[in-house]
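Q: Encoded as structure tokens, here's the structure I'll be asking about.
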Amino acid sequence: MTAALDQSGARLSGAASSDTPRAWDAGLARRTKSLGGGEITAILALAGASDVITFSGGFPDPATFPTDVLADLAGRLITQDPGVALQYSATEGIASVRDYASGRLAAAQGRAPAAGELMITSGGIDCLELIAKSYTDAGDPVVVEAPTYLGAIMAFRGYEADVRGVPVDGDGLRTDLLADQLAAGLRPKILYTIPDFQNPTGLTMSAPRRGELIALARRYGFLIVEDVAYRDLFFEHPPPPSLWSMAPDVVLQAGTFSKIFCPGVRMGWAAGPAEIISRLVVAKQNSDQCSGALGQRLLEEYGRGGYLERQLVASRALYARRAALLADALTAHVPAGTTWTAPRGGFYIWVTAPDGVDTVALSAAARAAKVAYVPGRPFYPGDDGATQLRLAYSRVADELIDEGIRRIGAVLRTALEER
Ligand SMILES: Cc1ncc(COP(=O)(O)O)c(C=O)c1O
368 MTAALDQSGA
378 RLSGAASSDT
388 PRAWDAGLAR
398 RTKSLGGGEI
408 TAILALAGAS
418 DVITFSGGFP
428 DPATFPTDVL
438 ADLAGRLITQ
448 DPGVALQYSA
458 TEGIASVRDY
468 ASGRLAAAQG
478 RAPAAGELMI
488 TSGGIDCLEL
498 IAKSYTDAGD
508 PVVVEAPTYL
518 GAIMAFRGYE
528 ADVRGVPVDG
538 DGLRTDLLAD
548 QLAAGLRPKI
558 LYTIPDFQNP
568 TGLTMSAPRR
578 GELIALARRY
588 GFLIVEDVAY
598 RDLFFEHPPP
608 PSLWSMAPDV
618 VLQAGTFSKI
628 FCPGVRMGWA
638 AGPAEIISRL
648 VVAKQNSDQC
658 SGALGQRLLE
668 EYGRGGYLER
678 QLVASRALYA
688 RRAALLADAL
698 TAHVPAGTTW
708 TAPRGGFYIW
718 VTAPDGVDTV
728 ALSAAARAAK
738 VAYVPGRPFY
748 PGDDGATQLR
758 LAYSRVADEL
768 IDEGIRRIGA
778 VLRTALEER
């Protein structure tokens, strides 16, 4: 076996002989060393566990997947349009697919992207990775909501950004606290927010806060990255206007079809200033080069056929029902002093247990009780969240919700008794 060399020609440690296991981590890039990633891996690993009631992953319910329609469309695309559907595509996405996505934005958010302002991505995380790769240097401050989607923390940390959290409350990001930090000298390049039915809290940013955030971005010159992963999944009323529709000059919108169509067809979009989109297109050339053409065309045909909007109506009703069942179960089973959010859309309820509970330490007891949640800590860039946990109701069968929460309630009660 040839010994591995680093760029200076020196041997990487652990490469001494072919029968010694190599210490590959010794050669890990500095920017990668501090990345955990274990939480997301653990969530995905649990995805297949059949004997655990799992509130952990943000998975759509497979009952919403349109299998018959997709089987028919896929068959037709493969036999009738292989030159496009099975071929490489333009990095920014197939023109007809961008046209469809643009029309959908115009209908849903009241603004159509201008030329060069829209690209197709491989789900939402692709957009976050492209933006982090293109715009963050080591040490650049990036502000996120505390708590926030841990994939976003990882994307920005992956490029050594200095990720700072600003708390959220029932009206979303605390723009007053952000304003204080900006006045005190903080100069972020990027502020990442999930304004609608946020992951992990389920909370939504109010219309006044949206206006305040935009004013701050214009005043201090930072880019707002608006993640709208759950925006279309409102229960009764749509959330306030999207930040991108309000301020396309200072907002890049990262969207995904994973939660409303299906994550197996990894599709998403980025909409924002043309100058930024053109940079993301260059960055994408060096990652997956283009999002899969078959998936793009499937999405387009599915959407143009009116199926996506019909799927959405059914999904909203399903998730609204699950959220209500989960809230009822929490009321019935968790110990006094525990609080939780009341989402009006999306996949998540965020639970805060009384002081003294450590939800990371409790995950083992939960596993033993055959129930799973995600502990609060990984959702914060700092050290908060010890007493908190995220519950995803999106993929738990109606009839298992009460039993699952009964188990979590018992685990919490035992922990409190042992305090
Ligand atoms: C807020 C948010 N953004 C992005 C993503 C990732 O989306 P995708 O699976 O399309 O990459 C998720 C998935 O959980 C999410 O919750």
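Be aware that the sequence shown starts at 368, since it is given in the numbering used here, and climbs by one per residue.
Heads up, the beta-carbon is just placed ideally off N, CA and C, and yes, glycines get one too.
Computed from a predicted model, the values in this text were never measured in an experiment.
Spatial neighbours of Ser463 within its chain, please: CB distance less than 7 Å, with the 5 preceding and 5 following residues excluded, ordered by chain position.
A: As a first step, residue 463 must be located in the sequence shown, where it is residue number 96. Excluding residues within five positions, the ones whose Cβ falls inside 7 Å are Glu667.
Q: Which one of Asp435, Leu517, Tyr502 has the shortest CA to CA distance from Gly491?
A: Walking along the sequence shown from the start, residue 491 turns up at place 124. Among Asp435, Leu517, Tyr502, the Cα nearest to that of Gly491 belongs to Leu517.
Q: Is Ser645 near Gln476, with beta carbons less than 7 Å apart?
A: Position 278 of the sequence shown, counted from the start, is the residue given in the question as residue 645. Position 109 of the sequence shown, counted from the start, is the residue given in the question as residue 476. Not a contact, by the Cβ cut-off of 7 Å.
Q: Within 10 angstroms of its Cβ, does Trp391 collect 16 or more other Cβ (buried), or is it exposed?
A: Translated into the one-based positions of the sequence shown, residue 391 becomes position 24. An exposed status is given to Trp391, since fewer than 16 other beta-carbon atoms sit within 10 Å of its beta-carbon.
Q: Measuring only the C-alpha atoms, how far is Arg762 from Val741?
A: Position 395 of the sequence shown holds residue 762. Position 374 of the sequence shown holds residue 741. Answer to the nearest angstrom: the Cα atoms are 14 Å apart.
Q: Give every residue of the same chain whose Cβ lies closer than 7 Å to the Cβ of Gly537, excluding the five residues on either side of it in the sequence, and list them in chain order.
A: Here the question's residue 537 lines up with position 170 in the sequence shown. Hits under 7 Å: Leu570.
Q: At the level of alpha carbons, what is the spacing between Val535 and Thr708?
A: Locating residue 535 in the sequence shown gives position 168, counting from the first residue. Locating residue 708 in the sequence shown gives position 341, counting from the first residue. In a straight line, the C-alpha of Val535 is about 12 Å away from that of Thr708.
Q: Give the straight-line distance between the Cα atoms of Pro508 and Leu440, rounded to the nearest whole angstrom.
A: As a first step, residue 508 must be located in the sequence shown, where it is residue number 141. As a first step, residue 440 must be located in the sequence shown, where it is residue number 73. Answer to the nearest angstrom: the Cα atoms are 45 Å apart.
Q: Provide the residue span of the beta strand (DSSP E) that contains Leu758, from first to last.
A: On the sequence shown, position 391 is the one that residue 758 refers to. Note, Leu758: beta strand (DSSP E), 755–759.
Q: Count the other CB atoms within 10 Å of the CB of Glu603; is the residue buried (16 or more) or exposed (fewer)?
A: Mapped onto the sequence shown, residue 603 falls at position 236. Glu603 should be labelled exposed.
Q: Kindly confirm or deny that the region 509–529 and the region 736–752 touch, where touching means at least three C-beta pairs closer than 8 Å.
A: Yes, the region 509–529 is in contact with the region 736–752.
Q: Kindly indicate which three-state DSSP category Met521 falls into: helix, strand or coil?
A: Start at 1 with the first residue of the sequence shown, and residue 521 comes out as number 154. Three-state DSSP puts Met521 in a helix.
Q: In chain order, what residues of the same chain have a beta carbon less than 7 Å from the beta carbon of Leu605, not counting five sequence neighbours either side?
A: The residue you call residue 605 lines up with position 238 of the sequence shown. Looking at the sequence provided, one finds Pro at residue 605 rather than Leu. If we look at Pro605 and ignore the five residues flanking it on each side, it has no Cβ neighbours.
Q: In the DSSP assignment, find the unbroken beta strand (DSSP E) run with Asp529 in it and report its ends.
A: The residue you call residue 529 lines up with position 162 of the sequence shown. Taken as a continuous stretch (DSSP letters only), the beta strand (DSSP E) holding Asp529 covers 529–536.
Q: Among the candidates Val778, Gly723, Gly771, whose CA atom is the shortest distance from the CA of Ala753?
A: Taking the sequence shown and counting its residues from 1, one reaches residue 753 at position 386. Comparing Cα-Cα distances from Ala753 to each of Val778, Gly723, Gly771, the minimum goes to Gly723.
Q: Output yes or no for whether 7 Å exceeds the beta carbon distance between Thr581 and Leu619.
A: Numbered from its first residue, the sequence shown carries residue 581 at position 214. Numbered from its first residue, the sequence shown carries residue 619 at position 252. What sits at residue 581 in the sequence shown is Ile, not Thr. Taking 7 Å as the Cβ cut-off, Ile581 and Leu619 do not qualify as a contacting pair.
Q: Taking all protein chains shown into account, decide if Asn566 is buried (16 or more other Cβ within 10 angstroms of its Cβ) or exposed.
A: The sequence position of residue 566 within the sequence shown is 199, counting from 1. Around the C-beta of Asn566, 16 or more other C-beta atoms lie within 10 Å, and the residue is accordingly described as buried.
Q: Can you tell me whether Thr387 is buried or exposed? The criterion is at least 16 other CB atoms within 10 Å of its CB, across all chains shown.
A: Looking up residue 387 in the sequence shown gives position 20. It is exposed - the Cβ of Thr387 has fewer than 16 other Cβ atoms within 10 Å.
Q: Please name the residue or residues paired with Leu619 in a DSSP beta bridge.
A: The residue given as residue 619 occupies position 252 in the sequence shown. Residue pairing by DSSP places Leu619 opposite Val592 in a beta bridge.
Q: In three-state DSSP terms, what is Met634?
A: Taking the sequence shown and counting its residues from 1, the one referred to as residue 634 is at position 267. Here Met634 sits in coil by DSSP.
Q: Quick check on Ser401: buried or exposed, where buried means 16 or more other Cβ atoms within 10 Å of its Cβ?
A: The residue you call residue 401 lines up with position 34 of the sequence shown. In summary, Ser401 is exposed, with fewer than 16 beta-carbon neighbours lying within 10 Å of its beta-carbon over all protein chains present.
Q: Any chance you could list the alpha helix (DSSP H) runs of at least 4 consecutive residues sitting entirely within the region 637–673, in chain order?
A: 641–652, 660–671
Q: Looking at the strands, I want to know which residues DSSP matches up with Met486.
A: What you label residue 486 is simply residue 119 of the sequence shown in a count that begins at 1. According to DSSP, which records beta bridges pairwise, Met486 is partnered with Ala637.
Q: Distance check for Ala638 and Trp611, CA to CA, integer angstroms please.
A: Locating residue 611 in the sequence shown gives position 244, counting from the first residue. Locating residue 638 in the sequence shown gives position 271, counting from the first residue. Their backbone Cα atoms lie some 8 Å apart in a straight line.
Q: Taking 6 Å as the limit between beta carbons, can you name the residues of its chain near Arg357, skipping five residues before and five after?
A: In the structure as shown, the chain starts at 368 and stops at 786, and residue 357 therefore has no counterpart that could be examined.
Q: Between which two residues does the alpha helix (DSSP H) holding Ile775 run?
A: As a position in the sequence shown, residue 775 is number 408, starting the count at 1. Unbroken alpha helix (DSSP H) run through Ile775: 765–784.
Q: With a cut-off of 8 Å on the beta carbons, I'd call Leu675 and Met486 a contact; round off their distance for me.
A: Taking the first residue of the sequence shown as position 1, residue 675 is located at position 308. Taking the first residue of the sequence shown as position 1, residue 486 is located at position 119. Rounded, the Cβ-Cβ distance is 19 Å, inconsistent with contact.
Q: Between Pro562 and Glu593, which are expected to be in contact by the criterion C-beta below 8 Å, what is the C-beta distance as a whole number of angstroms?
A: Sequence index remark: in the sequence shown, residue 562 carries index 195 (1-based). Sequence index remark: in the sequence shown, residue 593 carries index 226 (1-based). Rounded to whole angstroms, the Cβ separation of Pro562 and Glu593 is 6 Å, and the two are in contact under 8 Å.
Q: For Tyr559, name the three-state secondary structure that DSSP assigns.
A: Residue 559 sits at position 192 when you count from the first residue of the sequence shown. Note: Tyr559 maps to strand in three-state DSSP.
Q: Between Ala731 and Lys737, what straight-line distance do the alpha-carbon atoms span, to the nearest angstrom?
A: To locate residue 731, count along the sequence shown from 1; it is residue 364. To locate residue 737, count along the sequence shown from 1; it is residue 370. Computed Cα separation, rounded: 10 Å.
Q: Considering only residues of the same chain and omitting the five flanking positions on each side of Arg774, which have a CB-CB separation below 6 Å?
A: Here residue 774 is taken as the residue at index 407 of the sequence shown, counted from 1. Ala736, Val738.
Q: Out of Lys500, Gly506, Gly525, Arg531, state which residue places its alpha-carbon closest to the alpha-carbon of Pro514.
A: Along the sequence shown, one-based indexing puts residue 514 at 147. Per the Cα distances, Arg531.
Q: Where DSSP assigns a beta bridge to Tyr715, which residues make up the other side?
A: As a working note, residue 715 is residue 348 in the sequence shown. Note: Tyr715 sits in a beta bridge opposite Ala759.
Q: If you draw a straight line from the C-alpha of Thr431 to the C-alpha of Arg786, how long is it?
A: The residue given as residue 431 occupies position 64 in the sequence shown. The residue given as residue 786 occupies position 419 in the sequence shown. Distance between the alpha carbons of Thr431 and Arg786 is about 42 Å.
Q: Does DSSP classify Ile420 as helix, strand or coil?
A: Here residue 420 is taken as the residue at index 53 of the sequence shown, counted from 1. Looking at Ile420 - three-state DSSP - the assignment turns out to be strand.
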